[in-house]
Structures are given as C-alpha cells and as structure tokens.
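Start counting the sequence shown at 1; every next residue gets the next number (the UniProt record's numbering).
Take a look at the structure below.
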Amino acid sequence: MSQQERYLILPTSPIDQVLNSGIVKLSEKDQELESVSFWTICQALCIDNDDSTSYSLTQIIDLLRSYRESSNSSSNFVISRKFDENELELTYMKTCVSTLDSLCESNGELLDCVKGLVLLLPELFPDGQVLLCSEANQKVELTRLQIATLVACMLIGAIQYPKKQLCGRKFVGFETSLREWTHKSTPSSETYLKILANYLRRMFRIVELSKRDESYSNFLNEKISVRRIRVDSNNVKQLVEENMEKLIEKQVMEILPSRMEQMSTRTSISTVFANKMIGPGSYSTQEELFFGIYPEMLPFSMICKEIEAEECLIVEGVYRQLENVTDFTFNRHVYLKESNALNESLNYLQPFGSPQTLLFIDAIPFDTEVELNERSNKCIMREITKAYSAFSQFNGQLINSGRWGCGAYGATLEIKVAIQKIVSTLTSNRLLICTGR
C-alpha cells in the first residue's frame, strides 16, 4: 500500500499555505477574477474599522487592493477562472468574516488564535502526515492539541483533500475541507461556525495557560481516537437464529419523544446516523448537528475512508462544545436561541459534560435504492449486522439512539426500532430510543 493510500499529507509550511491558498474567489464585473486566501481577506478587513457586518463586492476588492499595496505582497493573488458575480452572493464573506469575527465579537482575537494554532502544525506533526483510518490502519489516535491544530488548518483551507485519495467527503474534496460551512450560508452553518470559532479561541487560551500550568498540558495531551470495527455477517445471522426466543421476550428499551442530543447527559455513548463518507453539513440532520456541536470530530472527516457494509466507526473522547443543547431551536435548520450563549461559554475553559463515545452507523438509503424492500431478510440482516458492529463493542452499557435512517433515507421507524431492539438484546445493551425530530 502506497504512502498516499495510508496517510493524509499535511502542508510542509502551513503558514505559507495559508497565505497563498486560493480558497476565496472575487471578481469585478467584466474584469479578470482574482483568487485570494481567506487569511488575506481577514487581514484586509481587519484594517477597516467599519462596524458594518457586510461589504459590497466593490468594497471588498478595494480593501484587498489597498492591503496589497500597503503590504507589497502581490504573491497572495493568483489568476483563476471566471464565473458569474451572482454566484458568489458574498456568502463566504458574510459567513467567515462577519460570523467568525464580528458576530463572535472577538475583535481580531479569533484570527490570532487560528494563526497561533496553525503555526503549531510542524511541531505536532513532524512527519508531515496523519494515518488514515482504513482497513490497514483500524485505529487512529490524536491528542486534543493535534485535533485543534488540524481544525484550525481546515477552517482556513491550509489542508485540502488529496484529489485521488478515497477519504473524506469526496464531493468537497476539490477545494477545502470545511466548504459545507464556509461556502453555504445557512442558519445552521452559521451556528456551527460560531461554535467552532469559540472552540478554537478556547483551545488557544488553554495552550497559552499550559505554558504555566501542567494541568492544562495534561488536558491538551489527552487522546481522541477513531476505530474501524468490522464483523462477519454470517456470524451475526447465526447468533440471531440461536437467540430468537430471547429476542422476542426481552425488554431492553426506553422510548422517549426527545431529540437524541438532548439526552446526551444520561449516557456517554450515542449513535450517529452517518453517511458512508462521514462529515459536516450545512443543515440539521443528526450527523450534521453532531459534527457541529462536537467539532473535535472534524479531522476524522478527512482521515476516515468510506464505511463498508459490515463496518462502523467509533469515535471516543470528544467533548460537547456548547453548555446547553437546549439553547438550540430546530426546524429545517438549527438556531441559537440566545445570541450571547456562545460568548458566555467562553468563561469556561474546560469543555462541557463528560467525554463522549459516538458510534457512526450508516443506513440503507431507501430513498435512492427504491428497488430494495425494507422488509426483506437481506435488508434487515444488513442493518442488524451494522448495528451489531457498533453495539457489541459496549456490551451491557446504556446507548442513546433514535431515528436511524428514518429521515432523508426513508426508512420506517418501527422497523428500525425493532432492529435496534434485536441487536441490543444480543449485546445486553440498554437503549434510549429518542423519536423527536
């Protein structure tokens, strides 16, 4: 297996990559398009003290030109392809600059924190690479500080997906690893970016405190891991057949009308109803929401290859980065009820709650694979095997679960609840089934 197939290759000089990465594209009507980095735009906008939360395209380009002339740094600008001005709608600028700096009221602090974390990359990853979680490398461990550094690099585009590497979210791989948040301005993506901004500010403060207090160093050196678990479907089928009577009689579930994330205080283990390629998104599906409130998971979207039929992914050691999940309201998007909730959370340097274990299990997409019969033995055994791969790693423990595959994938709730009941009986787990949308 080649190095490219086993590792995510990191930039050798991250700050140069940050200054020169062309992840934001700006153009004037009927004139050539210039491609500049997010970092350059942030530097340019920090020069301007206007309190407005948005800029016209012309204003942005004028600011960039002024910055380029004042800094004598023409190397930050490269020629790129043209596209329609209306395609932009200043989405990236409004989301990244206004949300991450103005709306978080960080007064430039966030940019200093991100830069400080990015500069740690060569020290924390001297080999310039991260193992991929694949069949060859079934477990990957990173420290909390390594995770925070990778997240900072992802935010500003210093790490991009290798084009030929089958890991991470392939549909965003051509550009930047957080495109779903930074390029799609939705209430959900803005909420997730606010949480991410405060996470990075908090982590950089802890880095500074660790220079004087060893307890903070211990926290930064704690491990977060992702494991790839594979089971044999034939063995699972035999186990089901041998325990059929037990499966029918035993009661191991508590069904609640709540959302899963609101029940996370009752147990430290939760399922995540994932896509085969795990990663964040700009709406409020269960997987997207968990990536939003657990930003320490973000680097795993880059290093985890596709989940196979008899596999699951298990992430251990991540903290929730918002004190109260009840600060959210939901419909198609997720909103923060109180605008000051995140700023108040900065008073707490330690994360909230206890370290969580998250079980990533993908479901059959009945919305697209319409020829499949959800009630067929083949489909039911596939889902039993999938759930067993996750639940069997935590025999006897309480697991928080819910509407697995019952949203966009079109599964039937009663069938999925029955499948989870069967598996939890086999593994002696107790289940909290949360049916809230």
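Glycine included, C-beta positions come from ideal geometry on N, C-alpha and C.
Treat the numbers as computed from the prediction; the structure is a model and nothing was measured.
Euclidean distance between Cα positions of residue i and residue j
i, j, result
"Arg212", "Tyr319", "24 Å"
"Cys133", "Val423", "25 Å"
"Cys379", "Lys416", "11 Å"
"Val151", "Leu110", "13 Å"
"Pro280", "Pro122", "26 Å"
"Phe209", "Arg201", "It is worth fixing the name first, because residue 209 is Leu in this sequence and not Phe. Near 12 Å, if we compare the C-alpha coordinates of Arg201 and Leu209."
"Leu196", "Ile9", "23 Å"
"Asn137", "Glu241", "33 Å"
"Phe125", "Asn275", "29 Å"
"Arg375", "Ser301", "32 Å"
"Glu135", "Thr143", "22 Å"
"Asn235", "Ser428", "17 Å"
"Ala148", "Leu372", "42 Å"
"Glu316", "Lys139", "11 Å"
"Trp39", "Leu119", "Confidence at Trp39 is low in this model, with a pLDDT of 47, below 50, so its placement is unreliable and the value that follows should be read with caution. Their backbone Cα atoms lie some 13 Å apart in a straight line."
"Glu180", "Gly407", "20 Å"
"Ile224", "Glu141", "6 Å"
"Ile206", "Gln146", "13 Å"
"Pro187", "Leu193", "10 Å"
"residue 453", "Pro355", "The displayed coordinates of the chain run from 1 to 437. Any statement about residue 453 would go beyond what the structure contains."
"Gln393", "Leu413", "24 Å"
Three-state secondary structure (DSSP) of residue i
i, result
"Gln393", "helix"
"Ala309", "coil"
"Gln138", "coil"
"Thr149", "helix"
"Gln286", "helix"
"Arg227", "strand"
"Gly317", "strand"
"Lys246", "helix"
"Glu208", "helix"
"Cys222", "Residue identity check: residue 222 is Glu in the sequence provided, not Cys. Note: Glu222 maps to coil in three-state DSSP."
"Ile433", "strand"
"Thr425", "helix"
"Asp213", "coil"
"Ile415", "helix"
"residue 456", "Only positions 1 to 437 of the chain appear in the structure, and residue 456 is not among them; the question remains open."
"Ile195", "helix"
"Lys276", "coil"
"Pro122", "helix"
"Leu110", "helix"
"Gln420", "helix"
"Leu178", "coil"
"Pro295", "helix"
"Leu322", "coil"
"Gly116", "helix"
Proximal residues to residue i (C-beta, below 7 Å), its chain only, five neighbours per side dropped
i, result
"Phe204", "Cys113, Gly116 and Leu117"
"Ala309", "Arg382"
"Ile419", "Ile380, Glu383, Ile384 and Ala387"
"Leu298", "Val151, Met154, Pro280 and Phe291"
"Gln129", "Tyr7, Leu8, Ile9 and Leu10"
"Lys237", "Met381"
"Phe219", "Arg144 and Ile206"
Beta-bridge partners of residue i, as assigned by DSSP
i, result
"Val236", "Its beta-bridge partners do not exist; DSSP assigns none."
"Thr271", "Leu359"
"Glu190", "The partner list for Glu190 (beta bridge, DSSP) is empty, contrary to what the question assumes."
"Gln129", "Ile9"
"Ile255", "Ile433"
"Cys304", "Cys133"
"Thr143", "Lys223"
Cutoff 8 Å; reference residue i; Cβ partners in own chain excluding five residues on either side
i, result
"Ser401", "Met260, Ser270, Thr271, Gln420, Leu431, Leu432, Ile433 and Cys434"
"Gly410", "Pro365, Phe366 and Asp367"
"Ser215", "none"
6 Å CB neighbourhood of residue i in its chain, flanking five on each side removed
i, result
"Tyr199", "Pro295 and Gln321"
"Ala390", "Cys312, Leu359 and Ile361"
"residue 440", "As displayed, the chain neither begins before 1 nor continues past 437, which places residue 440 out of reach and without an answer."
Residue-level contact to chain B via CB, residue i, 9 Å cutoff
i, result
"Val118", "Reference to chain B is not applicable here, since this structure consists of a single protein chain."
Just list the beta strand (DSSP E) runs in the segment 352–406, keeping only unbroken ones of 3 residues or longer that don't cross its boundaries, in chain order. Runs found: 352–362 and 398–402.
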